[in-house]
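Accompanying notes for the structure given below.
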Amino acid sequence: MSPEIRDVFRIFAVGFIAAILHTVLKQSGKEDFAHWATLAGFIAVFAIVIGYVDHLYQEITSVFLLQ
Amino acid sequence: MLKLVGAMLLVLATSLLGFQMARAHRDRPRQLRSLIRALTHLQAEVEYQSTPLPTALANVAERASPPCSLMFRRVSDLLMEKGASVQEAFRSGIAELVADSALKGADCEPIQMVAETLSTMDRAHLQTQFQLSIDALMQAEQQAREQGLKNARLWQYMGVLTGVILVILLY
Amino acid sequence: MHIFQLVGIGMTATILVSVLREHAPQFAMLVSILAGIVLLTMVVHNMDGVVQSLAGLADAAKLNHSFLSTVLKIIGIAYIVEFAAQVARDAGEGSLAGKIELAGKVGIIILAMPIITDVVESLVHLLP
Numbered sequence: 305m306s307p308e309i310r311d312v313f314r315i316f317a318v319g320f321i322a323a324i325l326h327t328v329l330k331q332s333g334k335e336d337f338a339h340w341a342t343l344a345g346f347i348a349v350f351a352i353v354i355g356y357v358d359h360l361y362q363e364i365t366s367v368f369l370l371q
Numbered sequence: 034m035l036k037l038v039g040a041m042l043l044v045l046a047t048s049l050l051g052f053q054m055a056r057a058h059r060d061r062p063r064q065l066r067s068l069i070r071a072l073t074h075l076q077a078e079v080e081y082q083s084t085p086l087p088t089a090l091a092n093v094a095e096r097a098s099p100p101c102s103l104m105f106r107r108v109s110d111l112l113m114e115k116g117a118s119v120q121e122a123f124r125s126g127i128a129e130l131v132a133d134s135a136l137k138g139a140d141c142e143p144i145q146m147v148a149e150t151l152s153t154m155d156r157a158h159l160q161t162q163f164q165l166s167i168d169a170l171m172q173a174e175q176q177a178r179e180q181g182l183k184n185a186r187l188w189q190y191m192g193v194l195t196g197v198i199l200v201i202l203l204y
Numbered sequence: 005m006h007i008f009q010l011v012g013i014g015m016t017a018t019i020l021v022s023v024l025r026e027h028a029p030q031f032a033m034l035v036s037i038l039a040g041i042v043l044l045t046m047v048v049h050n051m052d053g054v055v056q057s058l059a060g061l062a063d064a065a066k067l068n069h070s071f072l073s074t075v076l077k078i079i080g081i082a083y084i085v086e087f088a089a090q091v092a093r094d095a096g097e098g099s100l101a102g103k104i105e106l107a108g109k110v111g112i113i114i115l116a117m118p119i120i121t122d123v124v125e126s127l128v129h130l131l132p
């Protein structure tokens, strides 16, 4: 399994669990904690995506000779 | 293979942590009910049978279930052996109860008030104080029952889900 | 990477995004962004060879190197800008997508300006 597909599945799983956690926390009355948890998951996923964006940037600048 | 074992251990650890937190919420109503029964028994012993306080407390401790029984036994011992005042004995007993059980400090307030009335030994006042304390405890028990199950389930979910999310991020 | 792997990634991401969209739309957007980035990276990586052979052809034809590099830069800008604009449109930000495309167009014009001036000057020289 290539690392890219693994990261796609990882983001999907984190997002799904974040949605479940959000619902569970909201039903127990702790709505603000639910929002923090979703935000934390979002930031974690964002960190993964940013790595890929950086890689893409390097690739494009090197191929298309953009200094 | 090793990774799989590690992942399962991590999920198990967080789930158990979650269950521990859930247990406190689940046990609180039960312990409050035990406290109410013990207090009613104490009222019966003191008012209708007029047994002296240390013996009454020992009898209550016999019939009650832990952790309340431990508290009453400790208070009884403190009164009989150390000769401490009723208020101090109850205070230390309650402190231990709060530390060892799922009960909170606010739950044990009614007992402290009974202890204070016991030391003044005003008969009529004692009766009303017992009734007030039992009513307060019953109200707390009802609230704990409603909130407790919800909170317990919340903590169980949180434990398992946190473990799964950590495994997914670190796998 | 072979074409099947790329197509596989694309289709898997599509399914995952469609499942995730109703429960957690922000994460669905991130999944689609990641899949798009992965595909684009692979495409650009494969284009490296094409660009190298184009550069070789240009050298063989004694073409001014700056022309080819300008064209390549314009193509690069076009790819990046279109990707970003599509992502913005997927997330529902149509106006933002328009702004991104505007930025790309202006960048391309700025890059192409020297060539345009050169062409116009040559034409002016040719006219009597």
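Residue numbers (the numbering used here), protein chains in the order written: chain A, 305 to 371; chain B, 34 to 204; chain C, 5 to 132. All residues carry an ideal CB built from backbone N, CA and C; glycine is no exception.
- Short of 6 Å from the beta carbon of V349 (chain A), and not among the five residues preceding or following it, lie these beta carbons of its own chain, in chain order: I315 and V318.
- Taken through DSSP and simplified to helix, strand or coil, A135 (chain B) comes out as coil.
- Residue-level contact by beta carbon holds for V328 (chain A) and chain B, with a gap shorter than 8 Å.
- T153 (chain B) sits in a helix when the DSSP states are folded into three classes.
- As the crow flies, the alpha-carbon of F123 (chain B) is around 27 Å from that of M54 (chain B).
- In this chain, the alpha helix (DSSP H) harbouring F346 (chain A) covers E335 to V367.
- A92 (chain C) places its beta carbon less than 8 Å from that of A101 (chain C).
- Residues of the stretch 61-79 of chain C that bring their beta carbon within less than 8 Å of a beta carbon in chain A comprise S73, L76, K77 and I79, in sequence order.
- Residue contact with chain C for G333 (chain A): absent (no Cβ-Cβ distance below 8 Å to any residue of chain C).
- One alpha carbon belongs to T73 (chain B), the other to L329 (chain A), and they sit about 38 Å apart.
- A Cβ-Cβ distance of about 21 Å is found for the pair L136 (chain B) and L112 (chain B), leaving them out of contact under the 8 Å criterion.
- Contact annotation, L24 (chain C) with V42 (chain C): C-beta distance approximately 17 Å; criterion of less than 8 Å not satisfied.
- When C-beta atoms of the stretch 354-364 of chain A are compared with those of the stretch 37-54 of chain C, three or more pairs fall below 8 Å, so the two segments count as touching.
- Against chain B, the CB of L360 (chain A) has no partner CB under 8 Å away; the residue lies outside that interface.
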